[in-house]
Amino acid sequence: MMRKRMPSPFSFPALKKDDKVIVTAGKDKGKVGKIIKVDRLYHHVYVENINMIKKAIKPNQTSREGGFITKENFLNASNVMLECPHCHKPTRIAHKFFENGTKSRICKKCNEVIDQKK
Numbered sequence: 001m002m003r004k005r006m007p008s009p010f011s012f013p014a015l016k017k018d019d020k021v022i023v024t025a026g027k028d029k030g031k032v033g034k035i036i037k038v039d040r041l042y043h044h045v046y047v048e049n050i051n052m053i054k055k056a057i058k059p060n061q062t063s064r065e066g067g068f069i070t071k072e073n074f075l076n077a078s079n080v081m082l083e084c085p086h087c088h089k090p091t092r093i094a095h096k097f098f099e100n101g102t103k104s105r106i107c108k109k110c111n112e113v114i115d116q117k118k
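Position one of the sequence shown corresponds to residue 1 (the UniProt record's numbering), numbered consecutively onward.
Here's what the structure looks like:
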């Protein structure tokens, strides 16, 4: 029997937690939200109040009542684009290394630095 191959994680992640993104495909196309969680192995992002699902909860010892809760489901990372904080447009990301050893993400539309880290 053949083993299932694991997907390859992001090498240079363009999307990070607390980034503001615009949904480009799916039922919530055009909506803007903040990233709650990034799953780099499976290329999934969880966006605040986007792609909501209802989940049935059974009654158990801690909560006597069952019912339904609504929570965020994942989106594929290819279905969202980062919103540039300077030009407020959906943009692709370039990575740039500076002489002092810092790496930063750059907006490809306005060429402004989005964030910088060591």
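Note that beta-carbon positions come from the ideal geometry of N, C-alpha and C, so glycine has one too.
Would you kindly report the start and end of the unbroken beta strand (DSSP E) that includes LYS89?
Premise fails: LYS89 is in no beta strand (DSSP E) and is neither H nor E.
Check ASN76 in the structure and name its three-state DSSP category.
Here ASN76 sits in strand by DSSP.
Taking only the alpha-carbon atoms, compute the straight-line gap between LYS27 and ASN51 and give it to the nearest angstrom.
Taking the straight line joining both Cα atoms gives about 8 Å.
Judging by CA-CA distance, which residue of ILE36, PHE10 and PRO7 is the nearest neighbour of ASP18?
Of the listed residues, the one whose Cα sits closest to ASP18 is ILE36.
Going by DSSP, what residue range makes up the beta strand (DSSP E) through ILE35?
Element bounds for ILE35: 32-39.
Between the stretch 45-60 and the stretch 71-85, can you find at least three pairs of beta-carbon atoms closer than 8 Å?
Judged by Cβ distances under 8 Å, the stretch 71-85 makes contact with the stretch 45-60, as three or more pairs qualify.
When you compare the CB of HIS44 with every CB in chain D, is at least one pair closer than 8 Å?
No chain D is part of this structure, which consists of one protein chain only.
Give me whichever residues DSSP pairs with LYS55 in a beta bridge.
According to DSSP, which records beta bridges pairwise, LYS55 is partnered with ILE69.
Mark ARG5 as exposed unless 16 or more other C-beta atoms lie within 10 angstroms of its C-beta, in which case mark it buried.
Per the 10 Å Cβ criterion, exposed.
Using CA coordinates, which residue listed in THR102, PHE97, ASP115 and THR91 is at the minimum distance from LYS108?
With distances taken between Cα atoms, LYS108 lies closest to THR91.
Nearest CA to the CA of ARG40: which residue from CYS110, PRO85 and PRO13?
Cα-wise, what sits closest to ARG40 is PRO13.
What distance in whole Å lies between the Cβ atoms of ILE22 and VAL80, which are believed to be in contact at a cut-off of 8 Å?
Rounded, the Cβ-Cβ distance is 7 Å, consistent with contact.
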